[in-house]
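Single-structure report; data block below.
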Amino acid sequence: MRLRTFESFWLVKNGILYSYPSLQTDMNTEILVIGGGITGALISHALVEAGYEVMLIDRRDIAMGSSSATTSMLQYEIDVPLYQLSEMIGEAAAALCYRSGVQAILELEKLVKDQKIDCGFQMKESLYLAHSKKASIWLREEFEIRNKHQLGVKWLDAAEVKRNYGVICHGAILSEVAASVDAYKLAHELIQLNAKRGMKVFDQTEIARIDTSGIGPKVILETGQRIQTKKIVCCTGFESTKLLKEKVADLFYTYATVSEQGIQLNSAIQNTLIWDTGEPYLYMRTTDDGRFLIGGEDSLFNFQLFQQKIKERKAGKLIRKLEKIIPGIEFIEDFSWGGTFGTTKDGLPYIGKSPEYENTYFVLGFGGNGITFSVQGMGMILDFLKGKDHKLAHFYRFGR
Ligand SMILES: Cc1cc2nc3c(=O)[nH]c(=O)nc-3n(C[C@H](O)[C@H](O)[C@H](O)COP(=O)(O)OP(=O)(O)OC[C@H]3O[C@@H](n4cnc5c(N)ncnc54)[C@H](O)[C@@H]3O)c2cc1C
36 MRLRTFESFW LVKNGILYSY PSLQTDMNTE ILVIGGGITG ALISHALVEA
86 GYEVMLIDRR DIAMGSSSAT TSMLQYEIDV PLYQLSEMIG EAAAALCYRS
136 GVQAILELEK LVKDQKIDCG FQMKESLYLA HSKKASIWLR EEFEIRNKHQ
186 LGVKWLDAAE VKRNYGVICH GAILSEVAAS VDAYKLAHEL IQLNAKRGMK
236 VFDQTEIARI DTSGIGPKVI LETGQRIQTK KIVCCTGFES TKLLKEKVAD
286 LFYTYATVSE QGIQLNSAIQ NTLIWDTGEP YLYMRTTDDG RFLIGGEDSL
336 FNFQLFQQKI KERKAGKLIR KLEKIIPGIE FIEDFSWGGT FGTTKDGLPY
386 IGKSPEYENT YFVLGFGGNG ITFSVQGMGM ILDFLKGKDH KLAHFYRFGR
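Residue numbers (the numbering used here): 36 to 435.
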């Protein structure tokens, strides 16, 4: 599966930070983490911290999948608004999922600080714009329910948004907890940290299948080697849809473009993630090296032959949309790219055991805040391994 176009900004910016050997012999390990993107990096970190013997493998180099293409806006806000999620799973459960997102961002901030990881992590606020008058009606309803559940929100009318941010909209929810990060660098640094603490890491090592027929699962690699283990945690991102018969996500393509450094922006925008209620939605943020990053223009159409052309057209459209809501902005494009993206029917991730595999867990943080979900997976996997239930397990379960 093509997870991204070639020009992935984070990869170009950072280069290949750390390289690992490929696996050439049969191996044993207590826990095998499959996937070395941001999810695998976070999950393996939690496992190493908890004292497990961990091996991590990836079919590509580390973090070369979606984690090198992401715009890495860390939001507690789920693609399905709280008022709609409440209708789907009940208000108390929906509020729990939203609150868990806030908690996850704060936990990631602590992790990055404690481990002193240089990955451009910045706490920010988040501004959710009504793109039309009609959308402002449900967005106001969304604000009321978020406010009721003390999610740290303020309602700003169109004039306040224009005055404070220079952005044109029909009203907005301002949330006090959000963040941004370079997920590619964070994944690399975390995996390197744990490799130094004894975690075995193999890149360019692809699994062909998981065999759960014997005692303890084993993984058979494309090259024929076997890894015998007690438990597997699949952090295989959007390609997990190839491992599972259950349809967990709809996949499509999303696009992003980043400006040259030194773009002139209203100072309030520097500290704010911005997204809107449009379909598909437009999202944007600054980077720690003085650029402005915008994303959106999702589409089902991803014909590989025309990928370069589509990407260029989509980047142009993103910039034109930006110029409409921030008149006078001078956005000079430096890079643009596209990547696979997936959404679930309720905006929630799949974290837990799939009935299709024994002794195997999946951490699939799909959606616009996939990374926030991956952080939640850290505590969930530790609880599952101890045989404990987790308060989110029911809502993030397979077969729902
Ligand atoms: C343009 C774009 C913008 C986005 N914006 C945001 C955002 O603002 N905020 C947010 O939270 N999320 C965002 N996302 C989603 C985010 O990128 C993903 O949620 C996140 O990167 C998923 O990380 P991951 O580690 O689960 O997957 P990946 O980074 O894809 O890692 C999975 C790894 O598993 C490996 N793998 C798969 N199959 C096998 C196999 N058979 N054998 C061995 N290894 C295998 C792959 O090689 C890959 O490296 C965005 C995505 C895109 C494309």
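Note that the Cβ used here is the ideal one computed from N, Cα and C, for glycine as well. Owing to the predicted nature of the structure, the values given are computational and were not obtained by experimental measurement.
Candidates the options, of which the one nearest residue i by Cα
i: Asp381; options: Glu257, Arg435, His223; result: Arg435
i: Tyr431; options: Ile386, Leu191, Tyr133, Leu141; result: Ile386
i: Phe156; options: Val47, Met108, Thr292; result: Met108
i: Arg232; options: Leu82, Leu46, Thr289; result: Leu82
i: His223; options: Tyr53, Ala284, Ser79, Pro384; result: Tyr53
i: Glu142; options: Ala428, Thr407, Ile416, Lys426; result: Thr407
i: Thr292; options: Leu353, Ser79, Ser210; result: Leu353
i: Lys280; options: Ser389, Lys235, Gly249, Arg355; result: Ser389
i: Tyr200; options: Pro362, Leu58, Ile267; result: Pro362
i: Thr375; options: Lys421, Thr105, Gln296; result: Thr105
i: Asp238; options: Val68, Lys145, His429; result: Val68
i: Val236; options: Asp93, Ile242, Lys423, Met123; result: Asp93
i: Ser409; options: Gly272, Leu420, Arg326; result: Gly272
i: Pro315; options: Gln342, Gly377, Asp61, Thr321; result: Gly377
i: Ser334; options: Val254, Leu328, Leu286, Val216; result: Leu286
i: Ile367; options: Leu328, Ile345, Glu332, Gly373; result: Leu328
i: Pro56; options: Met90, Ala350, Gly330, Ile298; result: Met90
i: Glu274; options: Leu131, Gln110, Gly70, Ser43; result: Gly70
i: Asp96; options: Glu88, Tyr87, Gly75; result: Gly75
i: Trp173; options: Lys148, Val115, Ser79; result: Val115
i: His429; options: Glu332, Glu393, Pro384; result: Pro384
i: Gly331; options: Ile242, Gly373, Gly125, His80; result: Gly373
Limits of the unbroken alpha helix (DSSP H) element including residue i
i: Gln141; result: The question names Gln, but residue 141 in the sequence shown is Leu. Leu141 -> alpha helix (DSSP H) spans 126-149.
i: Leu225; result: 218-231
i: Gly102; result: Just to set this straight, residue 102 is Ser in the shown sequence, not Gly. No alpha helix (DSSP H) contains Ser102, which DSSP labels as neither H nor E.
i: Gly405; result: 405-420
i: Thr21; result: The structure shown does not extend to residue 21, since the chain is modelled only from 36 to 435, so the question has no answer here.
i: Val196; result: 193-200
i: Leu174; result: 168-183
i: Ile304; result: 302-305
CB-CB length for residue i against residue j, believed under 8 Å
i: Gly72; j: Gly100; result: 5 Å
i: Thr276; j: Val283; result: 7 Å
i: Ile250; j: Thr64; result: Actually they are not in contact, since the Cβ atoms of Ile250 and Thr64 sit about 15 Å apart, beyond 8 Å.
i: Val188; j: Ser210; result: 5 Å
i: Gln411; j: Ala85; result: That pair is no contact at about 16 Å.
Opening and closing residue of the beta strand (DSSP E) in which residue i lies
i: Arg320; result: 318-321
i: Glu368; result: 368-378
i: Val47; result: Segment 44-49 is the alpha helix (DSSP H) holding Val47; no beta strand (DSSP E) there.
i: Asn63; result: 62-69
i: Glu358; result: Not the beta strand (DSSP E): Glu358 falls in the alpha helix (DSSP H), residues 342-360.
i: Arg244; result: 242-246
i: Arg261; result: 261-269
i: Ser334; result: 327-334
i: Met158; result: 157-164
i: Asp285; result: 285-294
i: Ala207; result: 207-215
i: Gln110; result: 108-110
i: Lys253; result: 253-256
i: Val89; result: 89-92
i: Gly387; result: 385-388
i: Phe237; result: 235-237
i: Leu399; result: 395-399
Proximity of residue i and residue j at Cβ, strictly below 8 Å
i: Lys159; j: Ala213; result: yes
i: Leu399; j: Ile309; result: no
i: Leu225; j: Leu417; result: no
i: Tyr219; j: Ser102; result: yes
i: Leu186; j: Tyr118; result: no
i: Ala170; j: Thr312; result: yes
i: Thr240; j: Leu46; result: no
i: Thr395; j: Cys204; result: no
i: Phe397; j: Thr379; result: no
i: Ile66; j: Thr264; result: yes
i: Gly136; j: Asn404; result: yes
i: Met413; j: Leu427; result: no
i: Gln296; j: Asp324; result: yes
i: Gly206; j: Arg244; result: no
i: Glu177; j: Ile208; result: yes
i: Ile304; j: Arg326; result: no
i: Cys154; j: Leu228; result: no
i: Arg320; j: Ser215; result: yes
i: Ser161; j: Thr307; result: yes
Any non-hydrogen atom of ligand 2 closer than 7 Å to residue i Cβ
i: Ser167; result: With respect to ligand 2, the structure offers nothing, as its ligand set consists of ligand 1.
C-beta neighbour in chain B for residue i, strict 8 Å
i: Gly233; result: Here chain B cannot be found, since the structure has a single protein chain.
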